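Have a look at the structure below, then the notes.
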Amino acid sequence: MATTATQLLKYGSIELELHAEKSAWHAGTETLFCSDLHWGKEATFQRASLPVPVQSLDSILNRLSALLERLRPKRVIVLGDMVHGTSSFSDTFRETMRQFWEKRSRESECSWILVEGNHDRRAKSELQRWPIRIVRPPWRFEDFVCVHDPMELPTFAASQLDFLGLAGHLHPAFSMPDNGEKLACFALQRNVLVFPAFSDFTGRNLIDLKETQSVFLIRQGEIARYSPATTLKSQTHASS
Amino acid sequence: MNRTKSSRSKMTSERRPLDDDLGQRPANSQGIEKLESWFSRQSWSPFSFQRECWASYLAGEDTLLHSSTGSGKTLAAWGGPLAEFLNDPDEQSHWTRKRGKPAVPPLTVLWITPLRSLSADTESTLTQTVEDLQIPWTIQRRTGDSSASVKASQRKQLPTALITTPESLLLLLSYPESKVNFQYLKAVVVDEWHELLGTKRGVQTELALARLNKIASQATRCGLSATLGNTQQALEVLSGVGRNRRSRCVRGESSKKIEIRSCIPKQVDRFPWAGHLGLTMVSQVIEAVEAARSTLVFTNTRNQTEQWYRQLLHARPDWSGIIALHHGSLDSEVRRWVEDALRDGKLKCVVCTSSLDLGVDYSAVDQVIQVGSPKGVARLLQRAGRSGHSPGEASKLLFVPTHAFELIELSAARTIMANLSSTVDLVKRSEPNEPSLISENATTKVSVLESKDPILNPLDCLTQHAITLALADAYTRQELMDEIKQTFAYKDLVDEDLDWALRYIVHGGDSLAAYPDFHRVTLEEGRYQVTNARVARMHRMAMGTIAGDIVMQVKYASGKTLGTVEESYITRLKPGDCFQFAGKTLELMMIREGAAIVKKTNKQPNTTPRWGGGRMPLSSQLAAEIREQLDKAARGVIQGEEMECLKPIFELQEKRSMIPRQGILLVESFRIKKDFCFCIYPFEGRLVHEGLGALVSWRFAESRGITLSIAANDYGFMFQSKEEIVLDQQEVSGLFEADYLVEHLLKSMNATELAKRQFREIARIAGLVHPGIPGQTKPGRHLQASANMFYDAFRQFDPTNKLLAQADRELLDNQFEINRMRQALERIAQSSIQISKPGGPTPLAFPLVVEQLRQRLSSDSLEDRIRKLQTQLEVESR
Chain H
0 MATTATQLLK YGSIELELHA EKSAWHAGTE TLFCSDLHWG KEATFQRASL PVPVQSLDSI
60 LNRLSALLER LRPKRVIVLG DMVHGTSSFS DTFRETMRQF WEKRSRESEC SWILVEGNHD
120 RRAKSELQRW PIRIVRPPWR FEDFVCVHDP MELPTFAASQ LDFLGLAGHL HPAFSMPDNG
180 EKLACFALQR NVLVFPAFSD FTGRNLIDLK ETQSVFLIRQ GEIARYSPAT TLKSQTHASS
Chain S
0 MNRTKSSRSK MTSERRPLDD DLGQRPANSQ GIEKLESWFS RQSWSPFSFQ RECWASYLAG
60 EDTLLHSSTG SGKTLAAWGG PLAEFLNDPD EQSHWTRKRG KPAVPPLTVL WITPLRSLSA
120 DTESTLTQTV EDLQIPWTIQ RRTGDSSASV KASQRKQLPT ALITTPESLL LLLSYPESKV
180 NFQYLKAVVV DEWHELLGTK RGVQTELALA RLNKIASQAT RCGLSATLGN TQQALEVLSG
240 VGRNRRSRCV RGESSKKIEI RSCIPKQVDR FPWAGHLGLT MVSQVIEAVE AARSTLVFTN
300 TRNQTEQWYR QLLHARPDWS GIIALHHGSL DSEVRRWVED ALRDGKLKCV VCTSSLDLGV
360 DYSAVDQVIQ VGSPKGVARL LQRAGRSGHS PGEASKLLFV PTHAFELIEL SAARTIMANL
420 SSTVDLVKRS EPNEPSLISE NATTKVSVLE SKDPILNPLD CLTQHAITLA LADAYTRQEL
480 MDEIKQTFAY KDLVDEDLDW ALRYIVHGGD SLAAYPDFHR VTLEEGRYQV TNARVARMHR
540 MAMGTIAGDI VMQVKYASGK TLGTVEESYI TRLKPGDCFQ FAGKTLELMM IREGAAIVKK
600 TNKQPNTTPR WGGGRMPLSS QLAAEIREQL DKAARGVIQG EEMECLKPIF ELQEKRSMIP
660 RQGILLVESF RIKKDFCFCI YPFEGRLVHE GLGALVSWRF AESRGITLSI AANDYGFMFQ
720 SKEEIVLDQQ EVSGLFEADY LVEHLLKSMN ATELAKRQFR EIARIAGLVH PGIPGQTKPG
780 RHLQASANMF YDAFRQFDPT NKLLAQADRE LLDNQFEINR MRQALERIAQ SSIQISKPGG
840 PTPLAFPLVV EQLRQRLSSD SLEDRIRKLQ TQLEVESR
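Sequence order for the protein chains is H and S. Residue numbers for the first sequence, in numbering that gives the first Met the number 0: 0 to 239. Residue numbers for the second sequence, in numbering that gives the first Met the number 0: 0 to 877.
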């Protein structure tokens with residue numbers, strides 16, 4: 000059985016390539032999107048005497064670096080919750096991040112935009128020291144309206160097909176009806192694409208299927224599209 | 000170190016020889032005389048086992064009192080300490096002095112009970128005796144339900160007798176003042192020891208006992224238990240290692256007559272379905288309830304309890320108010336009300352789960368109805384014993400099968416019980432003089448009772464306890480090792496595991512670099528200690544909860560609590576879904592702050608909570624006897640009304656295929672529509688069959704690249720494929736090859752998911768995740784993480800973490816019952832394989848076909864699975 004690592008999402012004239020790495024690529028603008036990185040969560044946990052290995056941060060950074068090297072984006076847009084909180088800024092974490100940004104600036108010209116999320120707000124003073132631009136949601140970019148929490152989307156976009164909302168925050172997941180396995184997913188809900196959390200060390204929340212046209216399920220390097228029952232008819236119509 | 004100046008004979012060098020007549024009370028015992036005269040004032044006469052327990056206590060021995068039914072255990076354990084006090088009430092050591100005046104005697108008896116609900120009844124029994132005998136003792140409870148003010152005052156001064164749970168006891172022991180408060184302890188009673196044995200809570204109890212032994216080495220231990228297949232071992236675990244104290248098993252009175260009959264269905268389905276709730280039998284059950292004074296209806300799951308309650312009320316609306324339901328998920332207040340009403344004889348009938356298996360006996364109850372297979376003989380006996388407590392009355396049990404094959408299970412249980420009653424005499428004669436005789440001469444017979452195997456070396460409990468002790472006082476590695484090794488669970492603890500546990504609590508894990516900011520326990524000058532107040536608070540908060548599934552409260556919007564439901568169930572519901580709970584039909588409105596908010600509704604329930612527990616597998620003893628009964632049926636020997644009733648089914652099974660016989664492994668091969676199905680019947684219980692299913696499925700995928708769907712029940716399992724499968728005898732036996740069993744099992748796709756589930760409990764005990772404790776503040780949201788997340792992170796980045804290995808081991812032991820599985824494979828290897836081609840499902844196969852539709856364990860790729868679901872949906876939406 001062939002497995003696929005990317006899926007193409009078409010929304011009106013907009014095309015987005017969704018990755019099994021839990022990121023998305025907009026070829027037209029050479030932009031990489033991702034959400035809910037929760038950098039430094041391991042440090043926060045360790046501080047509370049919960050043993051989360053530092054390698055969980057390394058793996059996020061490595062996955063991201065690999066994407067950056069492969070795609071060479073002009074910009075990276077993070078849809079909020081780049082860091083876990085103020086308590087994440089331990090000495091070890093600061094050092095890891097210093098090295099990360101140093102390496103990034105050596106390797107390519109790429110601008111970083113963070114759409115501020117609830118976790119970022121607490122650590123704003125720390126974030127301002129990084130080479131990133133912090134914007135407040137909702138933030139318009141080309142055909143997209145970028146937010147962290149889908150609730151932050153302005154209502155004007157709701158009726159317009161040529162805008163696609165991009166959001167994070169929810170850490171969407173889908174429970175497989177056959178064995179109950181909970182898989183992270185992209186969820187297309189009306190005109191909003193909700194991103195899965197890029198970090199693996201996060202909780203997952205089951206999505207409300209009534210609101211959802213399509214989910215893109217992710218499991219071990221594989222991404223697959225699934226359309227829940229309620230919208231099945233319109234979906235088969237649209238794809239034909 | 001002995002601070003007490005007790006007059007107990009164990010303090011003297013002279014010990015009573017073992018072959019004494021132990022039923023006789025020791026001479027010159029004023030206390031025993033006073034106790035005996037109290038008994039006669041109640042117009043009772045002490046049972047000989049009670050006298051034996053008192054004598055054993057006064058002789059300074061550890062005791063395990065066990066009986067399959069019957070009562071009087073509480074007074075057997077309680078009488079010893081009372082008699083000791085009465086022997087010499089003015090003895091100085093009994094009193095603590097406050098400004099020269101004698102105050103309340105210090106903590107003397109500790110009563111550990113696994114169930115909070117039991118503690119109230121124990122308290123009232125104990126209180127009554129001390130009041131009658133005018134003993135100036137205080138008796139209090141301390142459980143998770145106790146109020147904050149009670150807890151605070153108990154930290155300063157404990158009562159003379161404290162009734163508590165293992166969790167609350169450990170919490171008390173985590174405070175430095177425990178050293179003072181427990182120092183005069185004389186007796187530790189562990190009630191319902193069989194419920195704790197073989198569980199993590201049992202290990203926690205062992206650890207608490209070891210600590211108590213360090214504080215008060217003079218205290219003896221007394222366990223109260225149901226009779227088990229390994230009673231002697233149960234005593235050993237209780238008594239611990241290296242305490243140099245004599246111990247004794249005492250058998251309780253079980254002369255009570257037990258009458259068991261079956262509710263024979265009027266029409267036996269030719270194809271018995273699995274999972275029927277037995278509701279077709281409602282009218283027969285109503286008749287039986289009508290005829291009795293007060294009835295307990297036991298079911299195996301909370302789901303069944305809810306359904307039966309609803310059906311009974313539906314059929315007899317006039318019973319509203321005099322029938323009730325009781326299960327572990329209901330709010331404690333509701334449960335208490337039911338228990339009180341039952342005691343007062345106000346209820347005609349209570350539908351319940353194992354929640355009423357334990358505890359005080361209700362004298363009004365004169366009948367027990369068991370719905371569905373009890374899965375084991377011990378449980379059947381225990382449940383039967385819940386009825387008929389008036390003098391001279393027999394215990395009466397009516398068995399209601401939920402599908403026809405369960406009648407075989409009852410028939411098998413009856414046979415075992417018949418063998419058992421002849422064994423009891425044998426055991427009685429050989430005890431206590433030559434206890435070794437039992438194990439040698441009567442093994443085969445005694446083993447018909449189920450055993451509970453103690454858990455060995457669980458590292459989650461060890462790390463938890465190492466922190467608990469570090470809260471109470473700083474300790475060295477050697478001190479910890481010496482203390483821990485006194486428990487049966489850790490008697491063979493290796494240095495490597497202890498050192499890992501210590502590194503884990505100090506550094507977070509093995510690789511120091513992985514956890515630079517971790518500080519839980521500090522190590523200074525070779526001593527381990529908790530110095531961080533937040534760590535202390537979080538640990539105490541977490542350790543108070545009982546190991547088990549994560550639960551969520553069910554509440555009305557007004558805030559009134561109805562009970563709890565497993566989180567895994569409730570999160571699968573959508574707002575608007577209706578379900579049956581606490582005897583009411585409820586609609587889920589929302590999930591808010593860790594609670595499910597519901598409202599009452601008149602709509603039909605579309606789902607009933609499926610709780611995790613209750614799906615116990617058939618015990619291996621019962622399973623063996625079922626194989627024997629079937630073998631007899633195959634040879635035309637049909638005994639008893641149950642088997643008689645099943646005759647048409649046997650005939651059909653034999654006609655279409657064959658009745659499974661001893662020494663033969665039956666494999667049935669047939670097709671359902673386009674699917675190729677194979678049913679195999681090892682009769683080893685559901686867990687073993689699920690394991691065998693996973694194993695066979697994996698081996699198939701490896702050798703032929705064919706994916707299978709698996710279904711399993713207590714009798715066998717079925718695998719199914721779209722592709723054609725032809726199997727000969729040799730290939731079948733190849734699938735059941737015992738080599739590489741563990742490796743293949745763990746590789747099978749399901750293992751990861753199951754190990755994750757197993758890891759949930761481990762993560763909680765090891766303090767990785769905080770449970771949702773109703774009414775208690777959780778740590779901040781930014782610290783919430785699920786056990787799954789830790790599992791994945793450790794697997795990926797800290798694979799040598801020993802908690803992972805423990806999850807695998809527990810998965811093999813608990814989920815697949817690996818030892819039983821090995822035995823099953825051995826048996827299969829010695830059997831001849833018979834492949835029959837019935838042309839369609841046989842009576843034995845049918846429950847499996849139904850099961851197959853319900854649950855699917857598949858090893859397809861993600862895309863395949865989605866395609867299947869999509870096709871299914873398309874068909875449905877047409």
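By construction, the Cβ of each residue, glycine as well, lies at the ideal position given by its N, Cα and C atoms. All values derive from a computational prediction rather than experimental measurement.
If distances are taken between C-alpha atoms only, which option among Gln652/S, Leu223/S, Leu169/S and Thr219/S comes closest to Lys185/S? Thr219/S
Proximity winner among Ala76/S, Met820/S, Glu32/S and Gln29/S, relative to Gln49/S (alpha-carbon distances): Ala76/S
Between the region 108–122 of chain S and the region 158–169 of chain S, can you find at least three pairs of beta-carbon atoms closer than 8 Å? yes
Neighbourhood of Pro659/S by C-beta distance below 6 Å, restricted to the same chain and skipping five residues each side: Leu629, Leu665 and Tyr680
Pairwise C-alpha distance: Leu64/S and Ser224/S: 6 Å
Given a cut-off of 8 Å on the beta-carbon distance, is the pair Gly164/H and Asp119/H in contact? no
Could you tell me the boundaries of the beta strand (DSSP E) in which Phe649/S lies? Per DSSP, Phe649/S belongs to no beta strand (DSSP E); it is in the alpha helix (DSSP H), Lys646 to Arg655.
Spatial neighbours of Gln620/S within its chain, please: CB distance less than 8 Å, with the 5 preceding and 5 following residues excluded, ordered by chain position. Gly228, Gly375, Val376, Ile415, Ser446, Val447, Leu448 and Glu449
Pull up the distance between the alpha-carbon of Gly59/S and that of Arg245/S, whole angstroms please. 8 Å
Taking the alpha carbon of Leu694/S as the reference point, which residue from Phe718/S, Lys673/S and Phe675/S has its own alpha carbon closest? Phe718/S
Just the C-alpha distance for Lys631/S and Met642/S, rounded to the nearest angstrom, thanks. 10 Å
Do you know whose CA, among Lys21/H, Glu210/H and Leu31/H, lies nearest Trp111/H's CA? Leu31/H
Inter-residue spacing [alpha-carbon to alpha-carbon] between Lys181/H and Val687/S: 26 Å
Residues, ordered as in the chain, of the region 64–83 of chain H that lie near chain S by beta-carbon distance below 7 Å: His83
Does the pairing of the region 827–843 of chain S with the region 666–675 of chain S give three or more beta-carbon distances under 8 Å? yes
Using the beta-carbon of each residue, which ones in chain S are nearer than 9 Å to Phe200/H? Ala784, Met788, Phe789, Asp791 and Ala792
Does Pro52/H come within less than 8 Å of chain C when only Cβ atoms are used? The structure shown contains no chain C; its protein chains are H and S.
Leaving out the 5 sequence neighbours to the left and right, which residues in its chain are closer than 7 Å to Ala186/H when beta-carbon positions are compared? Pro171, Val193, Ile206, Thr211 and Val214
With contact counted as at least three CB pairs below 8 Å, one residue from each stretch, are the region 503–517 of chain S and the region 550–565 of chain S in contact? no
Of all Cβ atoms in chain H, is any one closer than 8 Å to the Cβ of Arg703/S? no
Among Lys347/S, Val187/S and Ala411/S, nearest to Ser372/S - alpha-carbon criterion: Ala411/S
Tell me whether Gln217/S is buried or exposed, calling it buried when 16 or more other Cβ atoms sit within 10 Å of its Cβ. buried
Return the Cβ separation of Lys40/H and Ser198/H in integer angstroms, given the expectation that the two are a contact with Cβ distance under 8 Å. 7 Å
Nearest-angstrom Cα distance between Asp317/S and Met280/S? 19 Å
Between Glu51/S, Leu161/S and Arg292/S, which lies nearest to Pro104/S when the distance is taken from Cα to Cα? Leu161/S
For Cys351/S: DSSP bridge partner residues: Phe297/S and His325/S
Which runs of the beta strand (DSSP E) fall wholly inside the region 160–222 of chain S and span at least 3 residues, in chain order? 160–163 and 186–189
Nearest residue (CA-CA) to His147/H, options Arg69/H, Arg139/H, Glu141/H and His168/H: His168/H
With 8 Å set as the bound, which would you pick, yes or no: does the beta-carbon of Leu49/H sit closer than that to a beta-carbon of chain S? yes
Does the CB of Leu767/S have a neighbour CB from chain H at under 8 Å? yes
Distance check for Leu125/S and Gln133/S, CA to CA, integer angstroms please. 12 Å
Contacts of Ala196/H in chain S (Cβ-Cβ under 9 Å): What Ala196/H touches in chain S: nothing, since even the nearest Cβ is about 11 Å away.
In angstroms with no decimal places, state the Cα-to-Cα distance between Pro88/S and Ser177/S. 25 Å
Pairing CB atoms from the region 279–299 of chain S with CB atoms from the region 393–403 of chain S, are three or more of them under 8 Å? yes
Looking at the unbroken alpha helix (DSSP H) that takes in Gly690/S, where does it start and where does it end? Arg685 to Arg703
Using the beta-carbon count (16 or more within 10 Å), is Pro80/S buried or exposed? buried
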